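Residue numbers (our numbering), protein chains in the order written: chain F, 416 to 531; chain E, 348 to 463.
Written as C-alpha cells, this is what we have:
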C-alpha cells in the first residue's frame, strides 16, 4: 500500500544510546517532516525537508539529526538519547503547496520511543 | 508566539448532537491553508478537512464542515450528528506560506468524548 512507512513502531533505549528512526514514502512527495507528540503539547516540528539534499530545523531540533539523500527516505537520528526524548514520533510527507487543493500531510503510523 | 490556538482541552458531547471544536490562528500572510486531523485512540493521524484562505465557501466533507471566519482568524470544525466513533483527539493545523518553507504547524488539540 502506498503511504508513509515508519519503523520501528516501539523502541526502548538506554540514556546515551543512539538510534535511527526510519521513514520512507512512495508517493513522490517533495516535503517530509518529523514531529514529536507529547501529552498536552500537540505535535511539535523537529526537522523538515523540502526536497532531496535540503533539510532545516523546526521548533525542537536539539538532540536530533536528519538527512535527505533521496526523495523517498528521511531518517531521524538520535545521537545520544535522553529521557526528555521519550515521546511518540511521527513522520509525515506531502506535496509542496501548489495552487488549488492542498491535501496536507500523509502520516506514518508513529514510533513510540521510551528512553530509560 | 503560538500560531494555532485550540482553547478546549477536552469536550463531552451527547451522541447525535452537533459538535463545534474551536480553532484560531495567527498569520499575517494572505495565502495559507487550514487543516483538521483526527487522532483516535489507536494513534494514527487522519486527515479530515482542508480550507484554503482564498476559498469562497466553507469546506465540507461528509459530516465535517469548517466554519471559516477569515476576519476573525477562526477555523472551527463542526461535526454534525456525532457518533461514538468520533471520540478522539482533534488537531487544527495551518500550512505557512512558501516563503516559510511550507511548514505545517499544529495546535495542542482537543480531546472529544462522545457519550452514549
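For glycine and all other residues, C-beta sits at the position ideal for the given N, C-alpha and C.
Treat the numbers as computed from the prediction; the structure is a model and nothing was measured.
1. Rounded to whole angstroms, what is the Cα-Cα separation between residue 457 of chain E and residue 433 of chain E?
2. Does the beta-carbon of residue 385 of chain E have 16 or more other beta-carbons within 10 angstroms, so that it is buried, or is it exposed?
3. Return helix, strand or coil for residue 488 of chain F, following the three-state DSSP convention.
4. May I have the straight-line CA-CA distance separating residue 514 of chain F from residue 402 of chain E, to the nearest angstrom?
5. Quick check: what's the CA-CA separation for residue 524 of chain F versus residue 489 of chain F?
6. Using the rule of at least 16 other Cβ atoms within 10 Å of the residue's Cβ for burial, across every protein chain shown, is residue 456 of chain F buried or exposed?
7. Check the C-beta distance from residue 382 of chain E over to residue 435 of chain E and give it rounded, since I have them as a contact under 8 Å.
8. Leaving aside the five residues before and after residue 449 of chain F along the sequence, list all residues of the same chain whose C-beta is less than 6 Å from its C-beta, in chain order.
9. Using a Cβ cut-off of 8 Å, pull out every chain F residue sitting near residue 358 of chain E, in sequence order please.
According to the structure shown:
1. 12 Å
2. buried
3. strand
4. Per-residue confidence for residue 514 of chain F stands at a pLDDT of 48, beneath the threshold of 50, marking its modelled position as unreliable; the derived number appears in the next sentence. In a straight line, the C-alpha of residue 514 of chain F is about 11 Å away from that of residue 402 of chain E.
5. 15 Å
6. exposed
7. Not a contact, Cβ separation roughly 15 Å.
8. 461, 462, 491 and 506
9. Neighbours of residue 358 of chain E on chain F: none; closest Cβ ~15 Å, over 8 Å.
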